[in-house]
Structure formats: C-alpha cells, structure tokens
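A.B. asks:
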Amino acid sequence: MVNNGVWAIILAAGFSSRMGKPKMLLPYQGESLVRRIIGQALKSQIDGLIVVVNPLIENLAAEADVEGVSKVILNDCVNEGMSSSIKAGLQAVRDEAKSVVFLLSDQPLMSTKEINTIIKAHLCHPNYPIVQATYQECKGHPVLFQKEMFPYLFRISGDEGGKSVIAQFRQSVYYAEMNREAIPDVDTPSDYLRLLNHLDSEWYDSGNDSTSF
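For the sequence shown, the working numbering gives the first residue as 1367, with consecutive numbering after it.
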C-alpha cells in the first residue's frame, strides 16, 4: 500500500434477492466473489481497505476478514438500503481517508487495473472531487469521492447509493475512460452462469446495468 490518502470501501451487504442465495459467497476461479474483489483491491494503489458486510449472512464477515483488510464493518442497518452501507464504510475511514473509492462485491471482472486508473485520474486531476469510470462513454464503477464530498454522502438515504451526489455535482465529475466494455454485475442465476461460462459478449449485450451505485 502507498501513502496517497485513498481508501477503498467494498460494499458487500446486500440481500442477493434476485440470486436467491448470498452471491458474495459464490465461487469463481477458486475463490468467492467477495474474496476476488478484495484481492484486486489489495493489489491496487490504496492506503487501506474497508469491507462492509451484511451481518445476517452466515460466514460472510469471516470470508471478508483476510490479511490486508483494514476492517470488516457489520452493517446493522442493512435493511435501510445501500446508503446505510456507504455511510457505515465512510464512518470507519472519515478520520484517515482523504478520498474513497467504492467497489462492489458482485463485479468479479473488476480488476486492479481499473481501480488504479481511477486513482491515477484522481491524483492527476485533484480539482475534481468526484472521479467516475466510463466504459466506451458508459458510466460505471469504480467511483471515487474526495473528502469534501463525504458530508453529502452522509445525507443520502434508502437504496439510492451515490447517484444523487454525482448528479448534484455533475459539473465537478472527472470521467476516466477504461477503454473496454462495461463491467457487469452478477445479480441473477443467469448472470452467474454467464460468468462461469465466460459468455462475455452475451453478457454485455444483455443490458446488465453497470451503474447501480
């Protein structure tokens, strides 16, 4: 890890209702989905890593508590939606982080390269308080927020995520192009089957939403 003030927060506290089982624990290439994104984050240029988990999912906290993870946060307000996980993660880093980059546990095709591209864009363009990834001009993840944006993120509610803050400050967003197709979420059993069978082109054409944050 380096000393640039950037922390990562992995959101892994959903209920996986469309999957029918905890998708964060599904295996892919010898590890769970949550372990995979943790591994990619730990290889990136971050100073620390927080993983926010759903305490109602058995074994999830233990699965996320691996060497290199700064802290695993149990989101006791998980029923309040994604906003509660964002705020729980921010609360854990607000005194240490100068910026945070949010990652999703259901994007196993997210790599260290994309994370580092966002961090590099942030360091090269510090006057932009928000940096968002784009994939062939389609907005997606990761998304980075500088500390001056934290108060606005603490005001969000329900399942809206950070979209409202991005929209409010859309003139202050730097878009970092990833030069690849959008990274899809694994939300449904059919998504997971496509992942296992590497049917990437079908997945990208299926309308899978990569902007759920």
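A virtual CB, placed ideally from N, CA and C, is assigned to each residue, including glycine.
Here the structure is a predicted model, which means the values were calculated and not measured.
1. Within a Cβ cutoff of 8 Å, which residues of the same chain sit near Asn1425, ignoring the five residues on either side of it in sequence?
2. I think Val1497 touches Ile1481, with their Cβ atoms under 8 Å apart; what is that distance to the nearest whole Å?
3. Suppose the cutoff is 6 Å on Cβ atoms and the five residues either side in sequence are ignored; what does the same chain contact list for Trp1569 look like?
4. Return the chain-ordered list of same chain residues with a C-beta closer than 7 Å to the C-beta of Glu1429, the five sequence neighbours on each side being excluded.
5. Out of curiosity, what's the CA-to-CA distance linking Val1368 and Ala1533?
6. Taking DSSP as the reference, what is the three-state secondary structure of Ala1427?
7. Going by the CB atoms, is the gap between Val1539 and Ser1465 shorter than 7 Å?
8. From the DSSP output, read off the bridge partner residues of Ser1398.
9. Considering only C-alpha positions, which residue in the set His1491, Lys1529, Asn1545, Ala1407 is nearest to Ile1581?
10. Please state whether DSSP places Ser1449 in a helix, a strand or coil.
11. Is Lys1437 near the ligand NAP, going by C-beta to nearest heavy atom under 6 Å?
12. Ser1450: which of Ile1423, Val1419, Asp1431, Met1476 sits nearest, CA to CA?
13. Can you find the residues in the same chain that come closer than 7 Å, C-beta to C-beta, to Glu1514, ignoring five residues on each side of it along the sequence?
14. Could you have a look at Thr1500 and say whether DSSP puts it in helix, strand or coil?
15. Identify the continuous beta strand (DSSP E) that holds Glu1433 and give its terminal residues.
16. State the start and end residues of the unbroken beta strand (DSSP E) segment that holds Phe1468.
17. For the pair the segment 1437-1446 and the segment 1469-1477, tell me if three or more CB-CB distances fall below 8 Å.
18. Determine which residues share a DSSP beta bridge with Lys1505 and list them.
19. Using 7 Å as the threshold, is the C-beta distance between Thr1478 and Ser1410 below it?
20. Give me the Cα-Cα distance between Gln1406 and Phe1511, rounded to the nearest whole angstrom.
21. Who are the Cβ neighbours of Ile1423 in its own chain at under 6 Å, not counting the five residues just before and after it?
22. Given this structure, state the Cα-to-Cα distance separating Tyr1501 from Leu1475, to the nearest angstrom.
C.D. replies: So, from the listed chains and residues:
1. Leu1391
2. Actually they are not in contact, since the Cβ atoms of Val1497 and Ile1481 sit about 11 Å apart, beyond 8 Å.
3. Interpretation of Trp1569 is limited by its pLDDT of 48, a score under 50 that renders its predicted location unreliable; no figure is taken from the coordinates.
4. Closer than 7 Å at the Cβ level, and outside the excluded window around Glu1429, lie Leu1391, Ser1398, Val1400, Arg1401.
5. Distance between Val1368 and Ala1533, taken at the CA atoms: about 31 Å.
6. helix
7. no
8. Pro1393
9. Within the shown structure, residues of the chain are numbered from 1367 to 1579, placing residue 1581 beyond reach of any answer.
10. For Ser1449, the three-state secondary structure derived from DSSP is helix.
11. In terms of ligand content, the structure shown is empty, and the ligand NAP therefore cannot be addressed.
12. Val1419
13. Pro1495
14. Reduced to three states, the DSSP call for Thr1500 is strand.
15. Here Glu1433 belongs to no beta strand (DSSP E), and DSSP marks it neither H nor E.
16. According to the DSSP assignment, Phe1468 belongs to the beta strand (DSSP E) that extends over 1465-1470.
17. no
18. Thr1500
19. yes
20. 19 Å
21. Pro1388
22. Put simply, the backbone Cα of Tyr1501 is about 13 Å away from that of Leu1475.
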